[in-house]
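Here is the structure we will look at.
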Amino acid sequence: MASAPLKETDSKQPLLLGVDGGGTSCRARIADLDGNILGEGFAGSANPRTGLDSACNAIMQATREAMDKAGLRENDFGRMNAGLGLAGVNQKKERDLVLGWGFPFAGIFLETDAYAACMGAFNGQDGAILILGTGSCGASLIDGEMKTLGGWGFPISDHGSGASLGLAAVRYSLLAHEGMKEETPLSKAIMATFDNSPENAVAWQDSALPRDYGSYGPVVVEYLSKGDKLAEQLIRKSAEDAAMMIRVLHQRGANQCALVGGLSEFVMPWLPEDVVSIATLPQGDAMHGALLMAAKLI
């Protein structure tokens, strides 16, 4: 979306800052009170659980980039109301550390990244989201109360995620390689990444992170478009796991559940019929939700 230039006459008006800070990246968006976007910025990880200073510095870096694009200066921090949607602030300890870090903003509305995503997905109204990225997590925001579902981490949780999809693909491919399952072009392609050596796969798993398993997600999607039987089987299982979570979110009072994350567009067409009417696309992103949080400070 194009940025709107800041007028000289607006130099005393409050500003809104929306920050979506996750474990991989941090995005910041500055808007005026009419909702016009003035600038956006980007930085690295902003999860205070993996480093308070690095997370807060990432927030400032992304904010300063957005300010530069908006034509703002350092003295404009004082009229900036910040909505911070951050990963890793579920606990009071991390929340207190972030709030006490010394941000120069006029005010701060701090919540989790899932809260911001929920706010953005339904423009501040009730609803639920299901994040299907490298990991997965469900969250609902009903009558101002936030509840989460799953998301306890890979491999014990994160059902329907890219990492879980990759793990299932590698497991099947090893079985097929040894004749215990039917080989497919996908299983052969996956084993080729290990030079067709189960020993190499074992060595890889010793240091593999969730994102490494998740890297096989695009491979599954590629072969799905080619009609590969294994790819379809794996995506169907991801869709079943997603539906399991959608049903619970619906039981908790969410009439609609927005699917977000890199895997969501590929899972949606395979959802069971009973959840199709519940699943939807988000109206806005987490930065939009964070701006709505910031607006509550005005």
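Using the UniProt record's numbering, the final residue of the sequence shown is 298, and nothing's skipped along the way. From the three backbone atoms N, C-alpha and C, an ideal C-beta is built for every residue, glycine too.
- Of 214, 257 and 178, the smallest CA-CA separation from residue 142 is found for 257.
- The C-beta distance from residue 297 to residue 109 rounds to 6 Å, short enough to meet the 8 Å contact threshold.
- Per DSSP, residue 121 lies in no beta strand (DSSP E) segment; the continuous alpha helix (DSSP H) that holds it begins and ends at 113-121.
- Taking a contact as a CB-CB distance under 8 Å, the pair residue 166 and residue 115 does not count as one, their CB atoms being some 28 Å apart.
- In this structure residue 237 touches residue 168 by the C-beta definition: roughly 7 Å separates them, less than 8 Å.
- If one requires a minimum length of 4 residues, the alpha helix (DSSP H) runs lying completely within the segment 68-137 are 92-99 and 113-121, in chain order.
- In terms of Cβ geometry, residue 48 and residue 15 do not form a close pair [threshold 8 Å].
- Judged by DSSP secondary structure, residue 40 falls within the beta strand (DSSP E) whose first and last residues are 37-43.
- Using a 10 angstroms sphere on the CB of residue 134, the tally of other CB atoms reaches 16 or more, which defines it as buried.
- At a Cβ-Cβ threshold of 8 Å, residue 111 and residue 287 do not count as neighbours.
- Contact check for residue 184 against residue 228 passes: the beta carbons are separated by less than 8 Å.
- The bridge partners DSSP lists for residue 63 come to none.
- A straight-line Cα-Cα distance of about 41 Å links residue 156 and residue 67.
- Taken in chain order, the complete alpha helix (DSSP H) segments of 4 residues or longer contained in the segment 244-284 are 264-267 and 273-276.
- Excluding its 5 nearest sequence neighbours in each direction, residue 120 has C-beta neighbours in its own chain below 6 Å: 284, 285, 286, 288 and 289, listed in chain order.
- For the 8 Å CB-CB criterion, residue 136 and residue 124 do not form a contact.
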